[in-house]
Each structure stands twice: as structure tokens, then as C-alpha cells.
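**Student:** If you're matching positions, the sequence shown starts at 2 in my numbering and goes up one per residue.
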Amino acid sequence: MSTRLSTGGRLLDRAKQVKFSFNGKQFTGYEGDTLASALLANDQMLMGRSFKYHRPRGVVASGAEEPNALVNMGQGGKFEPNQRATTTELFDGLTASSQNHWPSLEFDVGVVNNYAARFLPAGFYYKTFMAPAAAWKHVFEPIVRQSAGLGKAPKDRDADRYEHFYAFFDVVVVGGGIAGLQSAKAAAQSGAKVLLMEQTAHWGGRASVDGGTVEGAPVAEYIAATVAELEGMENVTLRNRMMGAGVYDHGYVLGYERVTDHAPLTDGPRHRLWRIRAKQIVTATGAIERPLSFAGNDIPGVMLASAVRDYAENFGVSSGDRTVVVTNNDDAYRTAIALKKAGLDVPVILDARANGGGALMTEAKGMGIRVELGKGIAKVKGGKRVTGVAICAQAGEGATLEEISCDAVAMSGGWSPVVHLWSHCGGKLIWDETQSHFRPDADRAPTSHDGKAFVTTSGSASGPLGLGDVLANAHEAGVAAAKAAGCEADASVVPKGESDVERAMQAVWLMPQGAGPKLRMKAWLDYQNDVKVSDVRLAAQEGYESVEHTKRYTTLGMATDQGKLSNINGLAVLSDALNQPIPATGTTTFRPPYTPISMGSIGGEARDEVFQPLRRTPIHEWHESNDAFFEPVGHWRRPYCFPRNGESHADAVTREIRQTRDSVGLLDASTLGKIIVKGPDAGKFLDMMYTNMMSTLKPGKCRYGLMCNENGFLIDDGVVARIDEDSFLVHTTTGGAERIHGWMEDWLQCEWWDWKVYTANVTEQYAQIAVVGPNARKVIEKLGGEMDVSKEGLAFMEWKDGKIGEFDARAYRISFSGELSYEIAVPASQGRAFWDALLEAGAEFNIMPYGTEALHVMRAEKGFIMIGDETDGTVIPQDLNMQWAISKKKEDFLGKRAQTRDHMASEDRWKLAGFETVDGSVIPDGAYIIADGKNANDQRNVQGRVTSTYYSPTLDRGIAMGLIHGGMKRLGDVVEFNKVDGSTVKAKVVDPVFYDKDGEKQNV
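(1) Out of W754, G959, K889 and P681, point me to the one whose CA is closest to D725's CA.
(2) Judging by CA-CA distance, which residue of T764, P633 and D926 is the nearest neighbour of V947?
(3) Using only alpha-carbon positions, find the residue among M867, V195 and G59 that is nearest to M304.
(4) Helix, strand or coil for C703? Go by DSSP, reduced to three states.
(5) Taking just the CA atoms, how far does G30 sit from A19?
(6) Looking only at C-alpha atoms, which of I569, P82, A540 and R521 sits nearest to A508?
(7) Buried or exposed, going by whether 16 or more other CB atoms sit within 10 Å of the CB of E793?
(8) Whole angstroms is fine: what's the gap from I1's alpha carbon to A796's?
(9) By DSSP, does W754 sit in helix, in strand, or in coil?
(10) Let me know if A356 comes out buried or exposed under the rule of 16 or more other beta-carbons within 10 Å of its beta-carbon.
(11) Could you give the C-beta distance for A288 and L466, rounded to a whole number, given that I count them as a contact under 8 Å?
(12) Find out if the Cβ-Cβ distance for the pair I677, V763 is shorter than 8 Å.
(13) Is the CB-CB distance between G601 and R158 below 8 Å?
(14) Please report the straight-line C-alpha distance between G358 and M506, rounded to a whole angstrom.
(15) Alpha carbon to alpha carbon, how far is E657 from P954? Give it in angstroms, no decimals.
(16) Taking Cβ positions, are F439 and S417 nearer each other than 8 Å?
(17) When DSSP labels each residue in this structure, what does I866 get in the three-state scheme?
(18) Use the C-beta contact count for F995: other C-beta atoms within 10 angstroms, 16 or more gives buried, fewer gives exposed.
(19) Which value, in whole angstroms, describes the spacing of the CA atoms of T286 and M198?
(20) Determine the direct distance from the alpha carbon of R723 to that of A899, and round the result to whole angstroms.
(21) Quick check on V110: buried or exposed, where buried means 16 or more other Cβ atoms within 10 Å of its Cβ?
(22) Taking the alpha carbon of G369 as the point to measure from, which residue in G389, A337 and V390 has its own alpha carbon closest?
(23) Which two residues bound the contiguous alpha helix (DSSP H) that contains G604?
(24) On the DSSP letters alone, give me the boundaries of the beta strand (DSSP E) that A411 sits inside.
(25) Among residues of its own chain, excluding the 5 on either side of R1, which ones have a beta-carbon nearer than 6 Å to its beta-carbon?
(26) State whether the segment 231-250 contacts the segment 137-151, with contact taken as three or more CB pairs (one from each stretch) at a distance under 8 Å.
(27) Output yes or no for whether 8 Å exceeds the beta carbon distance between H857 and M849.
(28) Beta-carbon within less than 6 Å of E164's beta-carbon, same chain only, minus the 5 sequence neighbours each way: which residues are those?
(29) What does P633 pair with, by DSSP beta-bridge criteria?
(30) Where DSSP assigns a beta bridge to E499, which residues make up the other side?
(31) Pairing CB atoms from the segment 407-422 with CB atoms from the segment 320-330, are three or more of them under 8 Å?
(32) Residues in its own chain within less than 6 Å of M745 by CB, not counting five upstream and five downstream?
(33) Use the C-beta contact count for H476: other C-beta atoms within 10 angstroms, 16 or more gives buried, fewer gives exposed.
(34) With DSSP as the reference, label Q769 as helix, strand or coil.
(35) Assuming G832 and S671 form a contact by the criterion Cβ under 8 Å, report the distance between their Cβ atoms to the nearest whole angstrom.
(36) Which of the three DSSP states, helix, strand or coil, is assigned to W836?
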């Protein structure tokens, strides 16, 4: 049985007892325990069930590589599924429950899958559920959906808070083991600003457990001294409980800090997501011990030898009274020795190597431990926990030579460097035949934008496993990273580390090597997803030769541990089945994050009121105080209308339109996107971005333009003003400012990187107010100032800088209403004062503000399109009768080629037209123009749809714009639009310009 030892437990505070519950049972542990160590101390060996066959699962590892011990953690708003018991620090009141079983962990009905395992091999779901077809929806799919997933989805609102943190360092060291400490120290002594992060709560990694000396002193003393030295250095930041989640281009590192997981009552965020820019990155991520593949290697009590040692040394926990050790390398002997020193029985060490080990084997024998060479495990006996093992010859086929009773098995198949972060950004690997693992190829490191390497590995993450070699490699990595970051100061000398000399390991991918089908069907590779040796061989037999295809066919390495324990063994089995060397098979793709991170940390502070921060114009407070009714437009809140004295929104819109058409109105247009495009190549750049020619625009002039994506579809429109020979101001739609600015930068950075163009989004730097209506010029002239706004002084589609009253202004003579109109931009700080001045100057004309709905109605009366109404991502300018806005002089622009494709140039496309209902009513939003007959889905055929539909106070009738098959060729036709109640409304196809077709009013 597993139990708490009276000795050991270097990480525990035995004076502080902690109470927790698991599956409703109350247990006790100590401060410093993990949930896994505390459960083992209470003889809770069974911790979960596997995904596919629901086989009993116990803890197999002691760190982030653990595939089995996943639990539901917490309750209510603190609930979170799939938490690793091995990395969860114990705290008072912790509540956890096991997953993937019904009705209980001990008695799980789902285990019936295990008895039907021969009928549920790898890829069975690709070959079943085929017939009868109707059974999929009503029988198979409900069963599959019920079986899918491991933990339960949270139901309550997350009670915790999260945050993001941005940081910049010369060197970031990921991993706080002895290698990481040494690299950080060397880099810091070289003058670099260093961040050192460690995913656990403790520094030093495995070194204190594995032993050895540094400069003649115990390694634990060196670790403590180094941590103290780093804590005293101003240029070093230390963060434990922080995992390096991913490495990305341009030295971008994602760090995941678990701030209060271990102390949930502490004030502060639960998790913090660090967004780090580093000149150089050092990955001191260590190595992970590999399991061995033998029959029954998944039974609770079968654990990695290093994990058994960790639980004994770090937490004072015995994983069993009698532990059989099975290995292909010397390191597992350390576990046997540690257990023997703790007073536990090790009946035998099974060493698959015919020649055995070195000094560690001699020490074990000297302690009276039996060692069998060239032997292995044929199978493990037991169900919900280990009861014994059958010993066989490793070179044989599994014939039992002897059975030994035991309650734990410590296995070691060698060590694999953790290369995930190295590989995230393209670092390449090389196969090390001596250690039988993939290690980083230093000559093919990840490179940044300048072609230079920006990631270095350190310590055992580079391949060396001996303490002396680890320290030397780590020191070199730290110095090299600091130098690459531009720091040249001298670091101290390399410390001398010593550990037991080990004999070479022997690659063992299956135990015994000649195991037949019966044993292979019980030898597990992926513990969580129930992938066996036989499954990988089956995949190869069925033609899945690519490791990526095999991964998906068998789900090998696709569990929450992402194959940390299973991938190398799986690759080796696949290589053997394909009769090719492991390097020829290759590895699967390493993708971030290294271990799962919480959804809350990804969202950070973006929740509730700050989920989508509201943007407000400089005049927003005036709108609020004057009872504006707001609507969301992108991230902005814009006034929809300004109701007065209890009038309806429709009445308010009608009043605003009539006032503007008859006299003068004001529109807060500050939300419109404003992007500066500047540089010698600015004109050439805008020619590519817009369908029409912008490079020929003269300074002081404006031009309306359309912007398409590379597929030819219309994505934005607006007025472009040329400021001088090298500068343009681009206006975009309100919702398009950030998107279009990003679109511009995407092309400039990724395609036209050598063009001399600079862009800046200055939308919020200016307040922009539209003064609209027949009396607009009179209102502006009343303010005085030096600017001439007469028809001759400021013609239509021109702009001018100057003083209007006391305000620094830029006035554009443009119109989206069809009336005389000036859009005047002033610095944002002057926006409210300018608005107030306009209201005062226009009082004699009964000036009043109007909202977005009046804006939309007036533009529709003029037949002007609106992005998002007349466009939906499938509309091209030609569909809107806007061929006039497409230059025939330019060689190219974004979307030009796409618009020449047959279906884009077809006359069969729906095109824009206007519609007037026969009875004067308003066509419903979203209505389709129906046609005769029905389609293959028994739906009514359609020949078009409405895009904009309003009641026009100017015309006192319903008007609409829409897309119809045939477009303007259909003028005069009467068509029918469907209504929600099933009836229809008839409308006549007319010109989409309903008001002032010749544009006389805007040119006065």
C-alpha cells in the first residue's frame, strides 16, 4: 500500500496539517504536498479512468507530464476540470473529484468498453457507425457525444479574476532547475537584464533529489546559494509557479503564472499571462523520463522510477511497500537505493541490459538488493492496483521465469529532453543514438526576422544528463545568450559538478522484445487515450506511414499531456513496424502551450465592463446629457437619435431629417476612421489599396474610394484627402478603422516591406463634426475666423486648413446626405467646445443634432451605399453599379484579378437597384425578392434581397435599396418581397437615387 513515511519530505512542513476532500471523502496532508502526493499518502492509488476503455488509472509521474491523475477541482464559481493532481499544490479546504466514470470511480459501467477492446481498436470509429444511415442521428451520435470529453464543463460564472502583464528583457530563461539557475546567473553576470521562470514552487529541479556535488559541496547547497545570489541582483527577475507556455516569432514568449492557485483566499489575480519580448531565450526545460512498454504497464502502482523517487524524497510518501524496479539505464538504480534507505523493500531490480549498470548497480547490490540482468517484465498482475509481476527474459517472447509479489513497479525507459519550446519556432532536432532520444540541433536553431538564432537550450534540455555536463552546457548557454543580446561583461567560471558515472543505456521500446500480439494488446503507450503498441502497429499495417497520420488515426499524443510520455515510444514502435530508423519517421509537431493554460488567463481583464471597452467621442457627455439613444457601432456608442418630450424614436428621426433638409443639422462624425499614410511610396501604396487612382490626387483635393480584399470583395469605402506630396489622410467607416489600419500594415510588413510608407491611426486624435443643410455655410461664417468657406473658396471635394472662430480646423467639403455639408475636424481637446460654439451660432436657424438613423435615411434617399448594408463580404463594386470607381489606368490593385473570374464578371449576378412599394409601405429588413418555383430543398426560389429599407420623411413613403437579378435592367418591373407573416409586399424597381439626382443641393 502507499503511505506516508516517517522520514523524508524535504518540501513538507509537517507542522502544518492541511485538510482536503476527494470524491467526498475527507483526507489530511501537509503544507508542501501536491494533491497527488497527499492522495498517495492516504493510499488513494486509484485516481481516475482512461478515456476510451475506462481502465483504472493511478498516478504515473510527478510533474506536468502526468497523463492519468486529472481531476475536477473546486466547486461553483471555482470549479475547473482536468487539473493535474501532480502539479496542484495542496491547500486547506481543497475539493477535488475524479473524472470520466459513472456511477463511481470504484465501479464504472464504462469499463464494459475494456472487455470489448478487441472490437474497438485504433480507428474503429472510421469504420463503424456507417449503417443504417438514420441510426447516426438517433443512436450513434447521442452515444458518442455522451462519451466524449473527460471533465465536466463549468456551469457557474468564474469567480476569479485574471490579468495580463507585459515585460521586456534581454534574456528570458525558461526553467528554474540547476541548469536554468546557472544560465540565468551567467547571463546576469554578463550584464543582461534577465527573467528566470520556473513552473513549480521550488527552485533546483531534480538535482536535489538525484544528488551529486558542485565544487565539492552537496548540490542542494549550491542551489540555495545561487538562488540567494540571483535574488540579490537588480538585473534579475525571479518568478516561480510560472510556466513558459510558448515561444513565438520576434522573441515573443508567453508566460503563464499561477499566482494564487496555491492560496485561493489570498487577494490578487488567480492567473497572470505574461506577454514578454526578449532579445534571447534560453530553454532550460530539463528532460522527462520515458516509461517502458510491457503488458499491464497502466495498472495503478506502475510509475516512473523518477516519480517514485520524487514522492519519497520530496514528500515522504511510499508508493508501495514492495517495489520492483525495471530499467534499461542506471538512473533507476537511484530510486531503488532511495527506497532501500527509506526502509522499504525492493525485491528485485530488472535490468534489460545484459551487462547491467555501473557504480550505482554496485551500490545497490552492496545494499542487498537483488539485480537480474537481461530481464524484463512479461506482464503486471492486478486490476485496480499492482499485486505482482511476471519476470521474463528481455530477449525472449514473454515466457514467465518467475512471479514476484509487489504493490508497486518503478520503470525507467531512459530520458528525453523537453524540446517543445525549442521547436515552437522552428528549431530542428537530431537523433542521439547513444541516449536514444531527440535533442536540439544547435546548428539549426530558431531564427528571428534578422536570420539570427534567438533560442538556446540549456542543460539536459540540450541532451547531456550528467551533472557536470549539465552545468557546463548551462553556463555556456547563459553567456552566449547574453552576448547575442549585446552584453559583453565577463561571467564567472563554470562550476564543477560531479555525479555517479553511468553506464550506457540500452534502447528498449517493447518488453520483452519478442512480445506477441497478446502481450502487445496490453502494452500501453498513451495512458489517457488508451493507445497500445498493437494500435500503432495496426496503423502501420493499414498504410499510415506518416507519423502525423498515425497520430490522428490512433490519437497517440493527442491527450491533454500532448504525448509527453508516449510520443518517443510510439515513434519507435511505428519505426519498427515500418522497418526504418527512428529519424526517418520523424516527430510530430510541437505546438504551444506546453501545458494547458486557463481560458480565464487568455481573456485576462477582458470581462464585464472591460470585456469590450466602450469608445466615446469628445462630445459623448453632451449626447448623454441631451437624452441621446445610443446604438453600438463597432466599439463606439453613437447616438441613434435624440428624442424630445417623450416622442418616439421614429418621430425623432423624422424631425431630425426634416430640420437638416430644411435648415441645418449637426452630426458627431468623430468615430469615422482617420489614418495617415505618409512616405515617398504613399501614392503607389494607396493605388494598390483602392480600386481607383489615388496617386494623381492633388494636394488640397479629396476623392472617394473603394477598398477590396484580394478576393475582389468590397470591404470598406471612404474619402481620401491628399495633404501634401507625400501625405494622405484616409477616412474609413467607423467600424473599419482598426481593421483597415491592420490590413494596411499586413500588406506593408508582409508583402511590400521595402516600400517607404508609414501609417498611423489618428481616429481618436480629432473630433469631426458634420455641419449639414442649406444654412450650413451661414452657421460656419457666423463663427468667424480666417477660413473662406464660400463655394469658390472651398469647392466640393476640397479641404482646407485654417481658423474657424478660435478653433484650429480642417474643413472638408464632402457630403453623405446630399445637402450642402462641411465635415470639420478639430483637435479632440477642442471638440466639445467647437460643438457648443456651433450650437450657439446655429441657434437662429433652429440647429439641432441628428443621429445615425437620420444619417442612414438621408444617404439612402441619395442612393449612397453603406458598407455592411449593401455589402456582406460577397459583393463587388460592379454589383453596386460602381464601375466608375474602378480605374482602367492602373495595372493592378487588390482584388483586380479576382474580379475578372468568370463568376465575378458574370451578368447573372445580383445587382443594385432601388425599390418603391406600390402601397407606400416599408419593406421589412432582411426580406427576399421571391421568384417562381422551389429549389431542391423545397424552399421558395429567390431573385434578390433588400439591403437597406427605410421610411423617407422627405418623400413620405417607404424606400429601399437592394440586390436583384438583372439589376437596373429591371427598371419598372414589379416584384414581391416576402414578409415574416408569410404575406408579401409588392414593389417597383426604380433608380436607387430617390432625391436630388443631379446633386444640385450639395453644390450650392
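Even for Gly, the Cβ is constructed at its ideal location relative to N, Cα and C.
**Tutor:** Looking at the atomic coordinates:
(1) P681
(2) D926
(3) G59
(4) strand
(5) For the sequence presented, residue 19 should be read as Val rather than Ala. Cα to Cα, the separation comes out at about 5 Å.
(6) I569
(7) exposed
(8) The displayed coordinates of the chain run from 2 to 1005. Any statement about residue 1 would go beyond what the structure contains.
(9) coil
(10) Reading the sequence as shown, one finds Asn at residue 356 and not Ala. Looking at its Cβ environment, which holds fewer than 16 other Cβ atoms inside 10 Å, N356 is exposed.
(11) 7 Å
(12) yes
(13) no
(14) 8 Å
(15) 10 Å
(16) yes
(17) coil
(18) buried
(19) 10 Å
(20) 28 Å
(21) exposed
(22) A337
(23) M600 to G604
(24) A409 to S413
(25) Because the chain spans 2 through 1005 in this model, residue 1 falls outside it and cannot be assessed.
(26) no
(27) no
(28) P270, R273, G605 and E606
(29) R638
(30) T214
(31) yes
(32) T760
(33) buried
(34) strand
(35) 7 Å
(36) helix
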